[in-house]
Ligand code: UD1
Ligand code: UDP
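In full-length UniProt numbering, the protein residues as written are 2 to 359.
Written out as structure tokens, the structure reads:
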């Protein structure tokens with residue numbers, strides 16, 4: 002059977018690395034990269050470093066408004082589907098690349114499989130929430146990372162063909178942690194174990210509003226301790242175009258660097274004293290690494306990390322990050338919340354069963 006995989010943004014490269022390795026043992030995978038992310042440090046480095054199979058189709062769609070970007074992806078993905086006639090389309094997560102792949106598959110009556118189904122922030126102002134709700138409702142097979150995600154689907158009436166498999170990002174860290182320690186070390190970042198904060202910022206709701214972005218950057222500066230900030234290009238642009246550029250130039254504790262590779266990132270995560278982020282994937286990776294996380298959002302899809310005490314939601318417009326961190330206590334327990342590290346194989350097994358049952 003032929004499976005057409007659609008990816009395009011950074012977190013999807015990490016997820017596909019884990020799944021593709023297993024999927025190719027049983028299926029013919031055709032890889033489509035929409036080109037949503039295109040800088041080498043946002044895309045190419047993941048293919049090279051994680052041995053992701055070279056895309057069969059690079060659509061080079063690039064950046065743009067939601068309509069333009071998603072629409073252009075759809076036009077090009079549709080052409081690929083007509084040509085390849087896949088038995089199913091496989092999508093990951095909640096980006097515009099996910100939605101484009103999903104809509105094309107569903108309109109052409111090609112079965113759609115969704116990895117990381119059932120996540121909800123219940124905030125419809127997030128583009129990702131729209132992307133994931135729509136994708137879930139038109140999927141033929143849904144793979145959830147957590148029980149919460151399966152329950153969220155049930156609340157929306159989606160109960161058939163839902164499989165709780167665990168999180169493919171947990172598979173990924175388990176596979177890559179040792180490679181990361183072999184290939185990189187903290188000295189090259191001039192950092193010491195548990196002596197720095199690692200931060201990432203890229204969510205639209207944190208970067209589109211300069212007052213919020215300013216509050217975030219000031220809260221990092223106010224920590225007055227070493228912070229390493231591998232910065233997403235969208236956030237870098239906002240900083241360059243604002244007074245924040247000058248603010249950052251006058252301080253020395255927050256060090257901005259280009260986006261790092263995945264193997265560098267999981268090394269930086271593991272050795273950080275704590276992580277400060279608005280990323281979905283990084284919240285979970287903090288949990289996997291047993292590193293406290295402070296999430297710069299008003300809600301999270303990864304509610305288990307908060308309930309377990311390893312993740313704290315912080316609103317830098319109304320709270321002092323420094324105070325929240327000072328008052329924080331590391332929990333004594335750490336449970337396996339994201340499966341057993343074999344999510345990818347479980348996905349492949351379920352896909353096989355699904356085809357056999359038809
Ligand atoms: C997208 C996803 C988000 C995900 C994030 C992962 C959507 C709606 N959002 O957000 O869910 O968390 O990816 O990183 O799909 N840019 C570059 N070079 C690149 C890529 C982007 O300079 O290689 C800049 C462009 O100015 C672009 C902006 O970043 O307009 C935003 O990129 P886009 O892919 O639209 O959204 P992300 O913020 O990356
Ligand atoms: N990541 C990376 N380098 C970076 C920042 C993030 O390799 O400089 C990885 C991170 O380890 C995780 C994934 O990218 O695996 C998360 O992607 P991102 O934060 O861009 O998106 P989100 O998960 O919020 O959708």
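Backbone N, C-alpha and C define an ideal beta-carbon position, used for all residues, glycine too.
Asked: May I have the straight-line CA-CA distance separating residue 259 from residue 232, to the nearest angstrom?; Found: 6 angstroms
Asked: Report the three-state DSSP secondary structure of residue 136 (helix, strand or coil).; Found: helix
Asked: Would you say residue 268 lies against chain C (beta-carbon separation less than 9 angstroms)?; Found: No chain C appears in this structure, which consists of one protein chain only.
Asked: Considering Cα atoms alone, identify which of 85, 198, 264 and 271 is closest to residue 326.; Found: 198
Asked: Could you tell me the distance, in whole angstroms, from the CA atom of residue 267 to the CA atom of residue 57?; Found: 28 angstroms
Asked: Apply the 10 Å Cβ neighbour rule to residue 83 and answer buried if 16 or more other Cβ atoms are within range, or exposed otherwise.; Found: exposed
Asked: Does the distance between the C-beta of residue 75 and the nearest non-hydrogen atom of ligand 1 fall short of 8 angstroms?; Found: no
Asked: Along the alpha helix (DSSP H) that carries residue 318, what are the first and last residues, could you check?; Found: No alpha helix (DSSP H) holds residue 318; DSSP gives it neither H nor E.
Asked: Could you tell me whether the Cβ atoms of residue 92 and residue 77 are closer together than 9 angstroms?; Found: no
Asked: When DSSP labels each residue in this structure, what does residue 48 get in the three-state scheme?; Found: helix
Asked: Based on Cα-Cα distance, which residue from 303, 351, 89 and 182 lies nearest to residue 166?; Found: 351
Asked: Output the distance between the C-alpha atoms of residue 173 and residue 18, rounded to the nearest integer angstrom.; Found: 7 angstroms
Asked: Is the CB-CB distance between residue 312 and residue 301 below 9 angstroms?; Found: yes
Asked: By the 10 Å Cβ neighbour count, where 16 or more other Cβ atoms means buried, how is residue 115 classified, buried or exposed?; Found: buried
Asked: Tell me whether residue 126 is buried or exposed, calling it buried when 16 or more other Cβ atoms sit within 10 Å of its Cβ.; Found: exposed
Asked: Give the straight-line distance between the Cα atoms of residue 85 and residue 357, rounded to the nearest whole angstrom.; Found: 21 angstroms
Asked: Counting beta carbon pairs with one atom in the stretch 169-184 and one in the stretch 151-158, are three or more of them shorter than 8 angstroms?; Found: no
Asked: Compare the beta carbon distance of residue 230 and residue 200 with 9 angstroms and say whether it is the shorter of the two.; Found: yes
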